[in-house]
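Notes for the one structure printed next.
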Amino acid sequence: MTNPTGSFIWYELMTTDPDAAARFYGSVVGWTVAAGTPDQTGGMDYRMFERSDGGNAGGMLKLTDEMVAGGARPTWLPYLHTPDVDREVAEIEAEGGKVMMPASDLPVGRIAMVTDPQGVPIYLMAPIPPADKPDAASDVFSVSENQHVRWNELASPDQAASMDFYARHFGYAFNEKMAMGEMGDYCFIDHHGVTLGAIMPQMNPQQPTLWLFYFGVPSLLAAKQRIEDAGGQIIMGPHEVPGGEWIVVGLDPHGAPFGLVGPKGE
């Protein structure tokens, strides 16, 4: 796969009710959902969020009772591209991260789940491209397209440590920042000339330490209404951001946080 190391190459929703989640995100973002094929999923109950253009937006994994008993909760997680999953797991563990799922092979590549030293869960993946498309690249992230993740945001309990970690392991640079007064600096992630998102200080130590993903929509206000109509909850916004677009952060009906970004609309 031609995406550079450190790219966000996949997004996954872990949920207790895939059917309800499919209806919710279909209404809010416009995705459809299809069952993954055995060569993609290795026999797991795994489903694909599909965009209107025919591409995939991410995946959906059903949380089993055993996973929930072990502490798993509905959430969105990223897959970061790394050429050597085993080496990365060992290095992250040596730095204080935790191995949540040891490295294993799936038909689509080698993956592992870890937490970074600040406790943020991430997947690591060395993908295997389709046999007929050896130069394929993931397009689940886009800086401007609807139904894609357009922004990746981390609120860290130790911003400086997180920036250092992601710079060393995934090649992120932090060349620009936006002052937020008493809240500190909003530090933009530069990755091979593309602004992937930002790392900021965590404002509320009680909130889960997670990456937050903003999905592109054509009308922010219309999508906000759909969140509420479909049983979700608004926890921030809507408000305007630099550049003239608008954002909102919400919870889906099962508690997974997510964001939306787009023109204000009607």
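Numbering (the working numbering), first residue to last: 1198 to 1463.
Idealized CB from N, CA, C, for every residue including glycine.
Annotation: residue 1317 to residue 1310 spans about 10 Å, alpha carbon to alpha carbon.
With distances taken between CA atoms, residue 1268 lies nearest to 1297 out of 1277, 1297, 1426. In the structure shown, the three-state DSSP call for residue 1226 is coil. Residue 1410 is a Cβ neighbour of residue 1346, given a cutoff of 8 Å. Counting only runs of 3+ residues, the beta strand (DSSP E) found wholly inside the region 1335-1397 occupies 1346-1353, 1374-1376, 1382-1388, in chain order.
In the three-state scheme derived from DSSP, where H, G and I count as helix and E and B as strand, residue 1310 is classed as strand. DSSP places residue 1270 outside any alpha helix (DSSP H), giving it a letter other than H or E. Around the beta carbon of residue 1218, 16 or more other beta carbons sit within 10 angstroms, so the residue counts as buried. Of the residues 1328, 1370, 1398, 1414, the one whose Cα lies closest to the Cα of residue 1386 is 1370. In this structure, the alpha-carbon of residue 1223 lies about 18 Å from that of residue 1338. Contact between the region 1409-1423 and the region 1443-1463 is established, with three or more Cβ pairs separated by less than 8 Å.
Nearest neighbour of residue 1374 by Cα position, chosen from 1356, 1451, 1452, turns out to be 1356. The alpha-carbon separation between residue 1440 and residue 1229 amounts to approximately 30 Å. Contact between the region 1422-1435 and the region 1263-1279 is absent, with fewer than three C-beta pairs closer than 8 Å.
Taking the CA atoms as reference points, residue 1449 sits about 35 Å from residue 1291.
Nearest C-alpha to residue 1232 among 1463, 1259, 1249: 1259. The residues 1311, in chain order, have a CB closer than 6 Å to that of residue 1289 in the same chain once the five nearest residues on each side in sequence are set aside. Less than 8 Å separates the beta-carbon of residue 1256 from that of residue 1207.
Between residue 1396 and residue 1359, the C-beta gap is smaller than 8 Å, which places the two residues in contact. When DSSP states are grouped into helix, strand and coil, residue 1264 belongs to the helix group.
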